[in-house]
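Reviewing the structure listed below.
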Amino acid sequence: MIDLNFPKYNFRFKNSQNKIAVFDELRKKFIILTPEEWVRQHCTQFLMKEKEFPKSLINVEKQLKLGKLTKRYDVVVYNRDGSIHLIVECKAPHIKITQNVFDQIAQYNMTLDAEFLMVTNGLSHYYCKMNYEEGQYEFLKEIPAYKSI
Numbered sequence: 001m002i003d004l005n006f007p008k009y010n011f012r013f014k015n016s017q018n019k020i021a022v023f024d025e026l027r028k029k030f031i032i033l034t035p036e037e038w039v040r041q042h043c044t045q046f047l048m049k050e051k052e053f054p055k056s057l058i059n060v061e062k063q064l065k066l067g068k069l070t071k072r073y074d075v076v077v078y079n080r081d082g083s084i085h086l087i088v089e090c091k092a093p094h095i096k097i098t099q100n101v102f103d104q105i106a107q108y109n110m111t112l113d114a115e116f117l118m119v120t121n122g123l124s125h126y127y128c129k130m131n132y133e134e135g136q137y138e139f140l141k142e143i144p145a146y147k148s149i
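Per UniProt numbering, the sequence shown runs over residues 1 to 149.
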């Protein structure tokens, strides 16, 4: 896998049926290592180690109902009261971050009502704070660390 625009983290790997798997400490199991999973693993480590979000408040790859459609979000970080603080959409490094990617996370957020959004392909990261009163989002240089919320 390629180097990403995140700090270096240590991961556990194993060979599973001639495929490399990475240990996901949030899901507590080995996951087949795809380019998108590589980004997701770095992103969750970034949230826990750099932004100091407690592991217990981070949820990975769960189903989400959007009308009649069932989708899967990549990462959600909860507030202690159960509301959603942050939604993260991870893409493989070769996927460009386009308006369609922002539309996808905005569609998820219509159901989830997060305060912050993050979109990353591991190389480029975009952070937004939602402004529900004006129906728009504001781009940020970074998301605030857990202790500052």
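Here a beta-carbon is modelled for each residue, glycine too, at the ideal position from N, C-alpha and C. Note that the coordinates shown come from a computational prediction; the quantities given were computed from them, not determined experimentally.
If you draw a straight line from the Cα of C90 to the Cα of Q99, it is about 14 Å long. Between Q45 and P7, the C-beta gap is smaller than 9 Å, which places the two residues in contact.
Closest by C-alpha distance to L33, out of K62, A92, L86 and V119, is A92. In this structure the region 71-91 touches the region 99-112; the number of beta carbon pairs closer than 8 Å is three or more. Non-local beta-carbon contacts of N131 in its own chain, meaning distances under 7 Å to residues more than five positions away in sequence, involve Y137 and E138 in chain order. Every alpha helix (DSSP H) stretch that sits fully inside the region 35-114 and reaches 4 residues is listed by chain position as 35-45 and 99-112.
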